[in-house]
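Trainee: Let me begin by handing over the structure; questions about it come next.
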Amino acid sequence: MKNKTNEKLERLQNFLKKMDKVIVAYSGGTDSTFLLKVAHDALGKNAVAVTAVSDTYPKQELDHTKKQAKKIGAKHIIIKSDEVKNKNFSKNTPKRCYFCKKELYSKIKDLAAAKNIRYILDGTNVDDGKDYRPGVKALAKHGVKSPLKDVKLTKDEIRQLSRKMGLDTWNKPAQACLASRFPYGTKITRKRLKQVELAESFLSGLGLDQIRVRHHDDIARIEVKKDDFKEVLKNAKRISQQFKKLGFSYITLDIEGYRTGSLNEVIKK
Numbered sequence: 001m002k003n004k005t006n007e008k009l010e011r012l013q014n015f016l017k018k019m020d021k022v023i024v025a026y027s028g029g030t031d032s033t034f035l036l037k038v039a040h041d042a043l044g045k046n047a048v049a050v051t052a053v054s055d056t057y058p059k060q061e062l063d064h065t066k067k068q069a070k071k072i073g074a075k076h077i078i079i080k081s082d083e084v085k086n087k088n089f090s091k092n093t094p095k096r097c098y099f100c101k102k103e104l105y106s107k108i109k110d111l112a113a114a115k116n117i118r119y120i121l122d123g124t125n126v127d128d129g130k131d132y133r134p135g136v137k138a139l140a141k142h143g144v145k146s147p148l149k150d151v152k153l154t155k156d157e158i159r160q161l162s163r164k165m166g167l168d169t170w171n172k173p174a175q176a177c178l179a180s181r182f183p184y185g186t187k188i189t190r191k192r193l194k195q196v197e198l199a200e201s202f203l204s205g206l207g208l209d210q211i212r213v214r215h216h217d218d219i220a221r222i223e224v225k226k227d228d229f230k231e232v233l234k235n236a237k238r239i240s241q242q243f244k245k246l247g248f249s250y251i252t253l254d255i256e257g258y259r260t261g262s263l264n265e266v267i268k269k
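Heads up: the sequence shown begins at 1 in this note's numbering, then just goes up one per residue.
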């Protein structure tokens, strides 16, 4: 491992030790798990993990998150959020993520105040600035700090360090809330979120790990790694039958394959 990566880790450790008490907004992904681990090693019981449960968060992810927090040894608090009730969120404009994060961090900020915890941390890394992320403004508004970004840790470095620390999430596929599966302007409802969750869960059961089912009304557009195209086509009949049971009329395989933020491509254009 490069010395620069170790230097960044040391800066992160020192940064966290000075904070005394922190809440880590914990989704269970590679970044937030790594941050929680380093924070717990630095602060012990004064590093608290908080996970928000809502219709946009898959149940299987919650189960995984609970196990990871327990393995690290961190106190884990689960709160509820209901961003779907917010019209600014459900109408799904390009600023959707801002309204989601605004509700999330408002709730975490209230919890932090009740527990006399000054700092709230999230797992944004330096590479996240390459994509369109309106939710970052909500972080700034609520005083949320992003120490991984501050010490300039990249996604690859976080994976390397996570592997060295023995974290199961070192090679976990990138995750995003289920709301990210809907093209801007498509209304987000609980029913549609559940469609996507069950569709992706079915594909996961086939052994596929990097999956996105993009919801285009009655069309399901499947994104997987190009290496997995053969597996999808081999199971095309089963996938079609299951997806139609969920309410989709047409099922397509995106020939460009999986890519992060594909629904943001229209904004960039």
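We put the beta carbon where it would ideally sit given N, CA and C, even for glycine.
Just so you know, these numbers come straight off a predicted model, no measurement behind them.
Where D168 and L9 are concerned, what is the direct C-alpha to C-alpha distance, given to the nearest angstrom?
Mentor: Computed Cα separation, rounded: 19 Å.
Trainee: For L104, report the span of its alpha helix (DSSP H) as first-last.
Mentor: Here the alpha helix (DSSP H) through L104 covers R96 to A114.
Trainee: Output needed for N177: all residues of its chain with C-beta closer than 6 Å, excluding positions within five of it in sequence on either side, in chain order.
Mentor: Correcting the residue identity first, residue 177 is Cys in this sequence and not Asn. Cβ neighbours of C177 beyond the five flanking positions: T56.
Trainee: Is there contact between the region 69-80 and the region 30-46, where contact requires at least three CB pairs shorter than 8 Å?
Mentor: Enough Cβ pairs lie closer than 8 Å, so yes.
Trainee: Confirm, please, whether the CB-CB distance from L208 to D227 is below 8 Å.
Mentor: No. Outside cutoff.
Trainee: Quick one: what does DSSP say E223 is sitting in, helix, strand or coil?
Mentor: DSSP places E223 in strand when its eight states are reduced to three.
Trainee: What does the Cβ neighbour count give for I188, buried or exposed, with the cut at 16 atoms within 10 Å?
Mentor: So I188 counts as buried.
Trainee: Taking DSSP as the reference, what is the three-state secondary structure of H142?
Mentor: H142 falls in the coil class under three-state DSSP.
Trainee: Which term fits T252, buried or exposed, when burial requires 16 or more other beta carbons within 10 angstroms of its beta carbon?
Mentor: T252 comes out exposed.
Trainee: From W170 to G28, what does the alpha carbon distance come to, in whole angstroms?
Mentor: Their backbone Cα atoms lie some 11 Å apart in a straight line.
Trainee: Please return the same chain residues whose Cβ sits closer than 7 Å to the Cβ of R221, not counting the five positions on each side in sequence.
Mentor: R214, T252 and D254.
Trainee: Quick one: what does DSSP say K67 is sitting in, helix, strand or coil?
Mentor: Note: K67 maps to helix in three-state DSSP.
Trainee: Taking only runs of the beta strand (DSSP E) that begin and end inside the region 27-80, which ones reach a length of at least 3 residues, in chain order?
Mentor: For the region 27-80, whole beta strand (DSSP E) runs of length 3 or above, ordered along the chain, are 47-53 and 75-80.
Trainee: In whole angstroms, give me the CA-to-CA distance for R96 and R192.
Mentor: If I take the Cα positions, the gap works out to 16 Å.
Trainee: Just verifying my parser: in three-state terms, what is the DSSP assignment at R190?
Mentor: R190: helix per DSSP, three-state reduction.
Trainee: Could you pull out every residue in the same chain whose Cβ sits closer than 7 Å to the Cβ of D82, ignoring the five residues on either side in sequence?
Mentor: Hits under 7 Å: S54.
Trainee: Is the region 141-157 touching the region 115-130 in the sense that three or more CB pairs, one from each, lie closer than 8 Å?
Mentor: Yes, the region 115-130 is in contact with the region 141-157.
Trainee: Applying the 10 Å Cβ sphere with the 16-neighbour rule, what's the burial state of K238?
Mentor: First, the amino acid is wrong: residue 238 is Arg here, not Lys. Classification of R238: exposed, given that the 10 Å Cβ count is below 16.
Trainee: Figure out for me which residue from E61, R163, K85 and D218 has the closest Cα to the Cα of L246.
Mentor: The option with the nearest alpha carbon to L246 is D218.
Trainee: Bridge partners of Y119, per DSSP?
Mentor: DSSP output for Y119 lists V22 as bridge partner(s).
Trainee: To the nearest angstrom, how far is it from the Cα of E223 to the Cα of E231?
Mentor: Cα-Cα distance, rounded: 12 Å.
Trainee: When we look at the beta-carbon of Q241 and count the other beta-carbons within 10 Å, is it buried (16 or more) or exposed?
Mentor: With fewer than 16 other Cβ atoms within 10 Å, it is exposed.
Trainee: Do you know how far the Cα of V48 is from the Cα of F89?
Mentor: Distance between the alpha carbons of F89 and V48: 28 Å.
Trainee: Note the first and the last residue of the continuous alpha helix (DSSP H) segment covering L16.
Mentor: Counting along the chain, the alpha helix (DSSP H) containing L16 begins and ends at N3 to K17.
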